[in-house]
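Asks: Oh and the sequence shown: position 318 is 330 in the numbering used here, straight run, nothing missing.
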Amino acid sequence: MTPFRLCLLLLPLLLAALPGESRASFGDCADPAYRDQFDARLRDVDYDCVERSRVEVATPFGRHHIRVVHDRSADWIVEESLLEEIDRGVRLTAEALQHIGRFEIVDTTVLVADDLPPDETLDEIGGIAGMANFAGNPGECQVIFYAMGPGADLSHAAAVVAHELFHCVQRSTFDPRILDALVTARGPAWWLEGSADWFASMAVPDPAYFQRRADAFDDDSPDMPLTRMTYQNLVFFLWLADQRGSEGVMPFLASLSQEAGEAAQQVALAAALPEADWQAFARDYLDGRIHRPAGAFRVSPRDGPEWAWDGSTTQRVALRPFVLERARVRIGCGDWDLGASPARWHGARPDDGADWGPFPADLDTQAGDPDTWRFAALLAANSRTELRLAATRRSGCGDCAGSVRTDACLVGHWQLSSGGAAQWLRDNLPPNVRMTQVEQAGETLLLGADGRYQAGRMTARGRFEADGSDGITRGIGQLTAVASGRWSAEGGQLNLCPDTETMSGRATVTPPGGPSIGMPLGAAGTAGPMRMRYTCREGGFETETPIRNMPPMRSGYTPIPPAGG
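#1: Could you please give the first and the last residue of the uninterrupted alpha helix (DSSP H) stretch that includes Gly260?
#2: Across the stretch 177-185 and the stretch 146-165, are there enough close Cβ pairs to call them in contact, namely three or more that are closer than 8 Å?
#3: Count the other CB atoms, across all protein chains shown, that sit within 10 Å of the CB of Thr120; report buried if there are 16 or more and exposed otherwise.
#4: Whose C-alpha, out of Phe553, Ala339, Asp232, is nearest the C-alpha of Leu401?
#5: What's the call for Met447, buried or exposed, on a 16-neighbour Cβ count within 10 Å?
#6: State the DSSP-derived secondary structure class of Ala170, mapped to helix, strand or coil.
#7: Determine the closest residue to Asp315 out of Pro333, Glu337, Arg328, Ala392, with distance taken between C-alpha atoms.
#8: Considering only C-alpha positions, which residue in the set Ser233, Leu298, Asp296, Arg342 is nearest to Glu318?
#9: Rounded to the nearest angstrom, what separates Gln244 and Asp51 at their Cα positions?
#10: Below 8 Å on the Cβ atoms is my guess for Ser496 versus Ala467; work out the distance and round it to an integer in Å.
#11: Buried or exposed: which applies to Glu33, given that a residue is buried once 16 or more other Cβ atoms fall within 10 Å of its Cβ?
#12: Quick check on the DSSP output: the beta strand (DSSP E) that includes Ile156 runs from which residue to which?
#13: Quick one, which of Cys412, Ser324, Thr520 has its alpha-carbon nearest Glu513's?
#14: Per DSSP, what kind of secondary structure is Cys421 in: helix, strand or coil?
#15: Out of Phe309, Ala86, Pro563, Ala501, which one is the CA nearest neighbour of Asp58?
#16: Can the beta-carbon of Leu109 be found closer than 8 Å to that of Val69?
#17: Out of Gly408, Ile78, Val118, which one is the CA nearest neighbour of Arg100?
#18: Excluding the 5 residues flanking Pro524 on each side, which residues of the same chain have their C-beta closer than 8 Å to its C-beta?
#19: Excluding sequence positions up to five away, which residues of its chain have a Cβ less than 8 Å from the Cβ of Ile137?
#20: Following the continuous beta strand (DSSP E) through Arg301, name the residue where it begins and the one where it ends.
#21: When you compare the stretch 453-468 with the stretch 427-436, are there three or more beta-carbon pairs, one atom per stretch, that lie closer than 8 Å?
#22: Please confirm whether Leu95 has its beta-carbon closer than 8 Å to some beta-carbon of chain D.
#23: Alpha carbon to alpha carbon, what distance is there between Pro234 and Tyr546?
#24: With burial defined as no fewer than 16 other Cβ atoms inside 10 Å of the residue's Cβ, what is the status of Met565: buried or exposed?
#25: With DSSP as the reference, label Pro563 as helix, strand or coil.
#26: Under 8 Å, do Ala352 and Phe371 count as touching if we go by C-beta distance?
#27: Mind checking whether Glu259 and Ile112 have CB atoms under 8 Å apart?
#28: Considering just the uninterrupted stretch of the alpha helix (DSSP H) at Ser213, what are its terminal residues?
#29: Pick out the complete beta strand (DSSP E) segments inside the stretch 473-532, 3 residues or longer, and give them in chain order.
#30: Report the rounded CA-to-CA distance for Ala493 versus Ala519, giving the unit in angstroms.
#31: Looking at the structure shown, is Arg400 part of a helix, part of a strand, or coil, going by DSSP?
#32: Excluding sequence positions up to five away, which residues of its chain have a Cβ less than 6 Å from the Cβ of Thr581?
#33: Give every residue of the same chain whose Cβ lies closer than 7 Å to the Cβ of Leu428, excluding the five residues on either side of it in the sequence, and list them in chain order.
#34: Please go through the same chain and pick out, in chain order, the residues whose beta-carbon is closer than 7 Å to the beta-carbon of Ile559, but skip the five residues on each side of it.
#35: Could you have a look at Tyr221 and say whether DSSP puts it in helix, strand or coil?
#36: Is the distance from the Cβ of Val279 to the Cβ of Asn394 below 8 Å?
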């Protein structure tokens, strides 16, 4: 065989492999059985079918066509202006498809059904509705456009056409099961409908109906997961296209699940974007920074609950998968320690519009730090989790024991150097009780010039024995305590007003013959002001704390040298 004859034989194969004109797969709209594939009610009606227009669509895999057919005798119901809008929707779709990257679409027929009410499950807008169908003619996508009489709203027609044609793109490009799953269980409906509205909003510059989607998202997003929304997810896909470009939407859709179950959708969705992107979406939405480049559009996020942190508290937030949680936090006056567990899936920013981030570990509202914050969270997972926001007020604002005065001789960082609770206990035990071991560490006191104090973490351990008529009772205990708050000093009296006070420990007592009895020690919360007399001296100060019906407790403090000093 000569090379020339070989080329002649291979040429048809080579031409078939190249992108080019593909054979149309259209059915005959004059055939009642064909019209039945669009809507069974069209089989038995007079429908003088005429092809109105045909538009070529170039795809990376070949060329296909979108045609528009209608009933010639329905001109008195379907006005020419409406048909022109349908044609415009097809043309704009063909143009916009060239900007979404790799896609496929089979030959598609848009059939105009005049004065025929759509199925009640369809989204009817202004007297028109649409539906895409693949169950009929093989190799063809069939779109039925319902126009319910001359009152149909022209302003929505082109967008409805573009929306339904994008369903043809989805079914042609991705796993054919996706529309089947949409019909049977609506599992992928959240992205099928949301991305179709995104494409329509990009293709058709008119305002159309897209603001309705934003309003619905605003209403539903405080409690509804993204995976249970449908058309409302236009808001999410507008944000995604703004972040990744219009060419980035199709790869995102390709990474999602075609399965019907919501759990499968959520697993795939969590993996489709980094966690930081999900948080960015939540924050951009709550800040009103999501827009529609091709036309008017606005989001108006609803407010969440208001949390008032007037004292130390733990705010427990039940995070639900793909629900956009939000709240406003008002933090009382004082010096705060803030923390979160787990330290993910959420963020906060001051209400004045500063940047988002985690809550600051240290916050002093009296010194001018923001006291009103906005909170946002979006859990990108398929099961609930609890977020715990711990707010510990180290000190509050205002007076202590009716005074705001302080004494400069008390300001500083001090270490207990004599006396104290352990020594007082030794000196005042009943005759039949003796301490066999006492260890105490960490009893420091920081008195600030701003009227705040902090008692350092104190740890005490001890053992005792008590003689009784039936033998010796033995005990062992351990206690840890920490406190902070406000202080004042006036007329030789030192006042400590705790805003945060925690004490915890455990004791075990063994009576003669046993058994041992364990008991917890400690308390959380705050007590009233502690009052004591004080005397400043060179190199420190001494206090005397009255104890009812007992000798006073005396304590001596010496300064702690500065670090590195």
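Beta carbons: idealized from backbone N, C-alpha and C, even for Gly.
From a predicted model like this one, the values you see are computed outputs, not experimental measurements.
Replies: Quick look at the numbers:
#1: No alpha helix (DSSP H) contains Gly260, which DSSP labels as neither H nor E.
#2: The stretch 177-185, when compared against the stretch 146-165, does touch it at the 8 Å Cβ threshold.
#3: Buried is the call here.
#4: With distances taken between Cα atoms, Leu401 lies closest to Ala339.
#5: Met447 counts as exposed, since fewer than 16 other beta carbons sit within 10 angstroms of its beta carbon.
#6: Note: Ala170 maps to helix in three-state DSSP.
#7: The candidate whose alpha carbon is nearest that of Asp315 is Glu337.
#8: Among Ser233, Leu298, Asp296, Arg342, the Cα nearest to that of Glu318 is on Arg342.
#9: Here the C-alpha atom of Gln244 lies approximately 27 Å from the C-alpha atom of Asp51.
#10: Confirmed, Cβ separation roughly 7 Å.
#11: At Glu33, the pLDDT of 43 sits below 50, so the modelled position is not reliable and the matter cannot be decided from this model.
#12: Run containing Ile156: 152-159, per the beta strand (DSSP E) assignment.
#13: Considering only alpha carbons, the answer is Ser324.
#14: Three-state result, Cys421: helix.
#15: Cα-wise, what sits closest to Asp58 is Ala86.
#16: Yes, Cβ-Cβ distance for Leu109 and Val69 is below 8 Å.
#17: Closest in alpha carbon position to Arg100, among Gly408, Ile78, Val118, is Ile78.
#18: Scanning its chain for C-beta atoms nearer than 8 Å, with the 5 sequence neighbours on each side dropped, one finds around Pro524 the residues Gly480, Asp482, Gly483, Ile484, Thr485, in chain order.
#19: Apart from sequence neighbours up to five positions away, the residues of its chain that approach Ile137 with a beta-carbon distance below 8 Å are Asp165, His168, Val172, Tyr221, Arg224, ordered along the chain.
#20: Unbroken run through Arg301: none, as it is neither H nor E.
#21: Touching, yes.
#22: The displayed structure is made up of one protein chain only, and chain D is not part of it.
#23: The straight-line gap from Cα to Cα measures roughly 56 Å.
#24: Burial call: buried.
#25: Of the three classes helix, strand and coil, the one that applies to Pro563 here is strand, per DSSP.
#26: Yes; because the gap between Cβ atoms is below 8 Å, this pair is in contact.
#27: Contact: yes.
#28: Taken as a continuous stretch (DSSP letters only), the alpha helix (DSSP H) holding Ser213 covers 201-215.
#29: Entirely contained in the stretch 473-532, the beta strand (DSSP E) runs reaching 3 residues are, in chain order, 483-502, 505-522.
#30: Computed Cα separation, rounded: 15 Å.
#31: Strand.
#32: Past the boundaries of the shown model lies residue 581; the chain is included only from 13 to 577, so the question cannot be answered.
#33: Excluding the 5 residues flanking it on each side, Leu428 has same chain C-beta neighbours closer than 7 Å at Glu455, Ser567, Tyr569, in chain order.
#34: Cβ neighbours of Ile559 beyond the five flanking positions: Met565.
#35: DSSP places Tyr221 in the coil class of the three-state scheme, outside both helix and strand.
#36: Yes, the Cβ-Cβ distance between Val279 and Asn394 is below 8 Å.
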